[in-house]
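Residue numbers (full-length UniProt numbering): 208 to 483.
Ideal Cβ placement from N, Cα and C applies to all residues, glycine included.
The structure appears right after this line, and notes come after that.
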Ligand code: ATP
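See below:
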């Protein structure tokens, strides 16, 4: 069935079906968000029973936060947990050149999502689609109509379609989107704290065949990576392992990783420099 659905989605050109490899155990930190999604997954997998019991149909979640802090990773792992296909709505492709084309594409995307459901619909960089609403700059009238169609659907949908919208910046989102009743919940993801950085280092080292972590002083790495995003940490691990291999070391050591950290500019440093 997944294969047939995949072909239908592929033909549409607006929505893509994302391959699922990521699991919740691949995500370091974000425990509130993960716990909340686990609850929704239980409901989603037993929708009929849950509704008979009086539980509302899960609508979706808005995840806002820094780039590289696990929003996309969470969307993929959530679909895996829900055990349904993940459809990614490409806003760039949705916005058409001709009058009415964008709205028609949105209707087509919604129809397709409903046909594929149960599924998770992931709207990445949702702020881009709705730029131009309430003087936020950009697309104007088209955005307003698109936005209207989308909100109506979110409010009224009765199909088992769980929407995960991700955005980098809440300032660029229209207030209507943030109102209660649209999404079940809004989560903010921030740079990982010490405990979370420790887990993220472990996840990425283990994923790259470094099973024996006794040689690596993770606490030292954690103390030197304040303000690093999950993606920054992954970058340190990738380069550290690469350097150790090229230096013909038997395995990666703390020092290999520290050297990469020394010359890495974390995302928070880049952002701070921009503000200063
Ligand atoms: P963007 O806003 O730029 O799309 P994002 O928040 O969606 O960023 P991801 O794409 O999820 O970020 O993160 C990029 C990669 O960084 C992930 O595929 C993963 O390998 C790593 N990563 C980020 N956050 C975490 C985390 N909390 N735990 C483990 N790995 C992480």
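Verify the contact flag: residue 326, CB atom, against every heavy atom of ligand 1, threshold strictly below 7 Å.
Indexing the chain shown from 1 puts residue 326 at position 119. No - ligand 1 has no heavy atom lying nearer than 7 Å to the Cβ of residue 326.
Where does residue 354 sit, in a helix, a strand or coil, going by DSSP?
In the chain shown, counting from the first residue as 1, residue 354 sits at position 147. Three-state result, residue 354: helix.
Buried or exposed: which applies to residue 275, given that a residue is buried once 16 or more other Cβ atoms fall within 10 Å of its Cβ?
In the chain shown, residue 275 corresponds to position 68, counting from 1. Buried, since its Cβ has 16 or more Cβ neighbours within 10 Å.
Count the other C-beta atoms from every protein chain shown that fall within 10 angstroms of the C-beta of residue 344, then say buried if there are 16 or more, exposed otherwise.
The residue given as residue 344 occupies position 137 in the chain shown. Interpretation of residue 344 is limited by its pLDDT of 46, a score under 50 that renders its predicted location unreliable; no figure is taken from the coordinates.
Would you check whether ligand 1 has a heavy atom nearer than 7 Å to the C-beta of residue 235?
What you label residue 235 is simply residue 28 of the chain shown in a count that begins at 1. Because some heavy atom of ligand 1 lies under 7 Å away, the Cβ of residue 235 counts as near it: yes.
State the Cα-Cα distance for the pair residue 448 and residue 381, rounded to the nearest angstrom.
Here residue 448 corresponds to residue number 241 of the chain shown, with the count starting at 1. Here residue 381 corresponds to residue number 174 of the chain shown, with the count starting at 1. The alpha-carbon atoms of residue 448 and residue 381 are separated by roughly 43 Å.
Taking residue 298 as the reference, which of 369, 321, 328 has the closest Cα?
Taking the first residue of the chain shown as 1, we reach residue 298 at position 91. Checked all of 369, 321, 328; the closest Cα to residue 298 is 328.
Taking residue 411 as the reference, which of 464, 287, 240 has the closest Cα?
Translated into the one-based positions of the chain shown, residue 411 becomes position 204. Checking every option, the nearest Cα to that of residue 411 belongs to 464.
Segments of 4+ residues assigned as alpha helix (DSSP H) that fall wholly inside the UniProt domain "AAA+ ATPase" (264 to 400)
278 to 289, 298 to 301, 308 to 323, 333 to 336, 348 to 363, 382 to 385
Is any heavy atom in ligand 1 found nearer than 7 Å to the beta carbon of residue 280?
The count along the chain shown starts at 1 and reaches residue 280 at position 73. Yes, the Cβ of residue 280 comes within 7 Å of a heavy atom of ligand 1.
Confirm the yes/no value for this check: CB of residue 410, any heavy atom of ligand 1, distance under 7 Å.
Taking the first residue of the chain shown as 1, we reach residue 410 at position 203. Yes, since a heavy atom of ligand 1 falls inside the 7 Å radius drawn around the Cβ of residue 410.
Is any non-hydrogen atom of ligand 1 found closer than 7 Å to the C-beta of residue 434, if you look at the structure I gave you?
Walking along the chain shown from the start, residue 434 turns up at place 227. Outside the cutoff, so no.
Through-space distance from residue 233 to residue 414, alpha-carbon basis
Position 207 of the chain shown, counting from 1, holds the residue named residue 414. Position 26 of the chain shown, counting from 1, holds the residue named residue 233. Those two C-alpha atoms are separated by around 9 Å.
Using the beta-carbon count (16 or more within 10 Å), is residue 285 buried or exposed?
Counting from one through the chain shown, the residue named residue 285 turns up at place 78. Counting Cβ neighbours within 10 Å, residue 285 comes out buried, since at least 16 surround it.
Alpha-carbon to alpha-carbon, residue 353 and residue 255
Mapped onto the chain shown, residue 255 falls at position 48. Mapped onto the chain shown, residue 353 falls at position 146. So the two alpha carbons sit approximately 31 Å from each other.
CA-to-CA distance, residue 454 to residue 268, given in whole angstroms
Start at 1 with the first residue of the chain shown, and residue 268 comes out as number 61. Start at 1 with the first residue of the chain shown, and residue 454 comes out as number 247. C-alpha separation (whole angstroms): 45 Å.
Are the CB atoms of residue 237 and residue 287 within a distance shorter than 8 Å?
Translated into positions along the chain shown, residue 287 becomes position 80. Translated into positions along the chain shown, residue 237 becomes position 30. No.
So if DSSP puts residue 245 in a beta bridge, which residue, or which two residues, is it bridged to?
Along the chain shown, one-based indexing puts residue 245 at 38. Beta-bridge pairing links residue 245 to no other residue.
Would you report the Cα separation of residue 420 and residue 429, rounded to the nearest angstrom?
Here residue 420 refers to the residue found at position 213 when the chain shown is read from its first residue. Here residue 429 refers to the residue found at position 222 when the chain shown is read from its first residue. Computed Cα separation, rounded: 14 Å.
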